[in-house]
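Asks: Handing you this structure, nothing more for now.
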Amino acid sequence: MRAAVSFIRSPLLVSPWLVKTGGERVTGAMEQTTPLSRDLVFIGGGHTHALVLHDWAMTPLAGVRVTVINPEPVAAYSGMLPGYIAGHYTRDALDIDLVRLCRRAGARLILGKAEAIDRSAKQITVPGRAPIGYDVASIDVGITSTLTDLPGFAEHGLPAKPLSRFARAWAAYRQGRDPAQIVVLGAGVAGAEVAMAMVHALRADGREHHVTLIDRGRAFAALPTRAAATLRRAVQDHGVRLIEGTTPARVTAEAVELDSGEEVAANLVVGAAGSNPYPWLQATGLTDAHGFLPVDPYLRTADTDLYAVGDCATLPDPRPKSGVYAVRQAPFLFANLRYALGRAGTRKPYRPQKDYLKLISLGRKTALGEKWGMSVTADRLWKLKDDIDEKFMSKLNQPVPAMVPARPAPKALGAEMPMLCGGCGSKLGQGALQAALGPGGAHDDAAILPGGQVISTDHLRAFVDDPALMARIALTHAMGDIWAMGARPQAALASLILPRQTPAMAERAAGELMTAAREAAAQIGVEIVGGHTTQGAELTIGFTVTGVAERPITLAGAQPGDDLVLTKPIGSGTLMAAAMQGRARGWDVAAAWEAMCQDQGEASRILSGAHAMTDVTGFGLLGHLRAMMEASGTGATVNLASVPLLPGALELAQAGIRSSLYAENAGADAPDDPRHALLFDPQTSGGLLAAVPDGAAVIEALKAAGYEAALIGRVMNEPGSITIT
């Protein structure tokens, strides 16, 4: 069967994804990595953790499985936030791309928010998935500036931290055209930077604005007198109204009410005064009276298997909450984690400096510098700050280095092959598969058994290091063959190849994987009734699936005049290839993961009246369309501009990035046009492609059900002809 047959690579062949996984550089095709024996988990993608991951990529520790848990695929850098607000930086410049950084470090990235730690079981709770086990863990989740004691703030206010949420909200606010009425609560350094940056941006937008900075005490009291006076003048020069010695009493949808009785009109209220720990940390039993995590000089909490850094931690010699200290903790955390996990090197105590150079952004491209009570304002200080920040970010966001053998080796003729992609990009091409299956023309997605039962199997070489996410994608992908036949899912068998690891770690990985698979199966309406496991060099997940169809829909049956409907955007092969090289944006990769997890059950039901149907996977959109047209004895036209694309796919295709299966899909006449080239891009867990008599009505129903569906062309009475318009 055409798409139902999948050839698994030998588990002895090492994946290019594993260049440094387990701490060993691959030196030959048959060399395996050290078995995994210890789990290191980073909770949060803060500055310290980001720098440790950078160092880990350079000097990994063999046998350690590294996991990063973060709510988003990026982490905003606090040092560049005022510049982003002012419009000096783009959002991409602001973000540490954790997808790219984790790829370089050989770490698996889990997108989710940690909510609890069971110290006795050594497990971390992330909603919606099985607990994540650890041997050693580090916490770097930052703080929140939510003003929990201010009535109405939770409903109508916007905390400046967490930074990513604030950055999104500010970008949306700038799209408005109504007069900006902004109140910033907290006249410290952060509040002043935010207020002046907002004024600068709104002036550049030509938008009417009124910005007020409010503090219950004296503004800028933490700064020396001279620096505070300079900052006060800068705030006033920007036209910011400063209210001191007044406590906000309530936040409403239209104003901030002060205890003096005054109401300050506001359609945006920003909290910049809070430095509050996340409440879930208190349940660990490790926090102080303020909810922060006290640490010793080695950055360990009272539980020596748990470390804490950045703003969520309190040092033995307490310091203000500042990214400077977080950055300087990184080499000490790196050394101490390596010692804890493998007795590698020695422990190193962190002793924070007494003072540091504070560079405060003043809206425009100028900055106030302060240290040891001395201060100066100059454009060149902003340039200095910009250079420091740019260097910091370029180090963290650099591409994934190419896999280079540690020692040269002679190769047989033809042995030079491109790096192999994961997912459907690693499969055999259409020609090789047809030759292996023998004569008989195009083969349907699943085999039709007596009684209307259909059966198929599919396996995926992992391209995501999170086993739970990979399990959901693999199951959805395998079920595509059942949905493409118009069948109702019935049962599934799992087939797993896990990387070599200790029994305890294998149990953790299999538990995460199968919990996710069972939950995904339950949502689909299918039961996982069994399976098999083995160990190899890399993660491979497969499912054999069955379904029942009253009227199986095959490749044959498309009729001239039918509309061609596609239920998902394409481009996943290009995005995953770019992710392997560290050239895809984290947000775009995460969007592709989400698309691959979207099941096609409801789409299959809506398309139950299709004359012919298939799912778009390894052979690309044109390959699967060609098979349908050959089986139906028809031709087709495809409107190139109507084919939906995943975010970032076209940009990457324009940069020349292709999946390793692309060349075989496209053949000798590969198109020069990037959008056209994406029609040959191998898809993993792609959408359904159906020939239907009334495409407009079907598209309306699919979109109402949540699918990014499109009418992409029409079936023609021209056998064997496919025209791109």
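Residue numbering for the sequence shown follows the working numbering, starting at 435 and increasing by one per position.
From the three backbone atoms N, C-alpha and C, an ideal C-beta is built for every residue, glycine too.
These numbers come from a predicted model, not from an experiment.
1. Going residue by residue through the region 575-606, where are the continuous beta strand (DSSP E) segments of at least 3 residues, counting only ones entirely within it?
2. Kindly indicate which three-state DSSP category P713 falls into: helix, strand or coil?
3. Could you name the residues that DSSP lists as bridge partners for V690?
4. Pick from T748, S828, E1134, G959: whose alpha carbon is nearest that of I1040?
5. Could you check what DSSP says for S1155 in three-state terms: helix, strand or coil?
6. Quick check: the Cα distance between R542 and D473, rounded to an integer number of angstroms?
7. By a C-beta neighbour count over all protein chains shown, 10 Å radius and 16 as the cutoff for buried, is N1151 buried or exposed?
8. Leaving out five residues before and five after T578 in sequence, what residues of the same chain have Cβ atoms less than 6 angstroms from its Cβ?
9. Just to confirm my understanding: we take V618, look at its own chain, exclude 5 residues before and 5 after, and list those with CB closer than 6 angstroms. What are they?
10. Three or more C-beta pairs closer than 8 angstroms, one from the region 946-955 and one from the region 913-931: is that the case here?
11. Name the residue from T1118, A638, M919 whose alpha carbon lies nearest to the alpha carbon of H672.
12. Helix, strand or coil: how does DSSP classify D915 here?
13. Say yes only if the C-beta of Q615 is nearer than 7 angstroms to one or more non-hydrogen atoms of the ligand ADP, and no if none qualify.
14. Tell me which same chain residues have a C-beta within less than 6 angstroms of the C-beta of V1077, skipping the five on either side of it?
15. What three-state label does DSSP hand I987 in the structure shown?
16. Would you mind working out which of L1112, D789, P728 sits nearest L657, comparing C-alpha positions?
17. Measure the alpha-carbon distance for V645 versus L597 and round it to whole angstroms.
18. Residues in the same chain with beta-carbon distance under 6 angstroms from C536, minus the five sequence neighbours each way, listed in chain order, please.
19. Would you report the Cα separation of R734 and H724, rounded to the nearest angstrom?
20. Which word fits R1148, buried or exposed, when buried means at least 16 other C-beta atoms lie within 10 angstroms of its C-beta?
21. Ignoring anything shorter than 4 residues, give me the alpha helix (DSSP H) runs that lie fully in the region 496-547, in order along the chain.
22. Report back the beta-carbon spacing between G1016 and R538 to the nearest angstrom; my notes put them in contact at under 8 angstroms.
23. Where does P833 land, buried or exposed, given buried means 16+ other C-beta within 10 angstroms?
24. Assuming contact is defined by CB atoms lying nearer than 8 angstroms, are A902 and E946 in contact in what I supplied?
25. Can you give the Cα-Cα distance for A601 and I1004, rounded to whole angstroms?
26. Could you tell me the boundaries of the alpha helix (DSSP H) in which S572 lies?
27. Where do the N-terminal and C-terminal ends of the beta strand (DSSP E) with K819 fall, by residue?
28. Cutting at 6 angstroms between CB atoms, please list the residues of its own chain near V935, excluding the five before and the five after it.
29. Quick one: what does DSSP say S929 is sitting in, helix, strand or coil?
30. Just list the residues that DSSP pairs R472 with in beta bridges.
31. Under 7 angstroms Cβ to Cβ from E984, same chain only, skipping five residues before and after it: list those, please.
32. Alpha carbon to alpha carbon, how far is G744 from H481? Give it in angstroms, no decimals.
33. So E961 is in the beta strand (DSSP E); what residue range does that whole segment cover?
34. When you compare the CB positions of H911 and G797, do they come within less than 8 angstroms of one another, or not?
35. In terms of residue numbering, what span does the beta strand (DSSP E) encompassing D612 cover?
36. Near N1073, what residues of its chain come up, given a Cβ to Cβ distance below 7 angstroms and the 5 sequence neighbours on each side ignored?
Replies: Based on what the coordinates show:
1. The region 575-606 is shown to contain whole beta strand (DSSP E) runs of 3 or more residues at 591-593, in chain order.
2. Residue state, collapsed to three classes: helix.
3. Under DSSP, V690 shares a beta bridge with V685, V698.
4. With respect to the C-alpha of I1040, the residue from T748, S828, E1134, G959 having the closest C-alpha is E1134.
5. Secondary structure of S1155 (DSSP, three-state): coil.
6. Using only the alpha carbons, I get a separation of about 11 angstroms.
7. Exposed.
8. Here the set comprises P593, K595, N710.
9. Hits under 6 angstroms: G625, V628, A629, L647, V704, A706.
10. Touching, yes.
11. In terms of Cα proximity to H672, the closest of T1118, A638, M919 is A638.
12. In the structure shown, the three-state DSSP call for D915 is helix.
13. Among the components modelled here there is no ligand, and therefore nothing to report on the ligand ADP.
14. Short of 6 angstroms from the beta carbon of V1077, and not among the five residues preceding or following it, lie these beta carbons of its own chain, in chain order: I1146.
15. It is coil, neither helix nor strand.
16. Ranking the options by Cα distance to L657, first place goes to D789.
17. Going by the C-alpha atoms only, they are around 20 angstroms apart.
18. V502, L543.
19. Answer to the nearest angstrom: the Cα atoms are 18 angstroms apart.
20. Buried.
21. Unbroken alpha helix (DSSP H) runs of no fewer than 4 residues, entirely contained in the region 496-547, are found at 515-520, 525-528, 532-539, following chain order.
22. Right, the Cβ-Cβ distance comes to about 6 angstroms (below 8 angstroms), so this counts as a contact.
23. Around the CB of P833, fewer than 16 other CB atoms lie within 10 Å, so the residue is classed as exposed.
24. Their beta carbons are under 8 angstroms apart, which means A902 touches E946 by this criterion.
25. So the alpha carbons of these two residues sit roughly 29 angstroms apart.
26. Secondary structure note for S572: it is in no alpha helix (DSSP H), and the uninterrupted beta strand (DSSP E) holding it is 570-573.
27. It is not in any beta strand (DSSP E) - K819 instead sits in the alpha helix (DSSP H) that spans 813-830.
28. The sequence given here has Gln at residue 935, not Val. Closer than 6 angstroms at the Cβ level, and outside the excluded window around Q935, lie P469, L470.
29. Looking at S929 - three-state DSSP - the assignment turns out to be strand.
30. Note: R472 sits in a beta bridge opposite V498.
31. These residues qualify, in order along the chain: G886.
32. Rounded to the nearest angstrom, the two C-alpha atoms are 8 angstroms apart.
33. Element bounds for E961: 961-970.
34. No. Outside cutoff.
35. Per DSSP, D612 is not a residue of any beta strand (DSSP E), being assigned neither H nor E.
36. Only I1146, G1147, T1159 meet the Cβ criterion.
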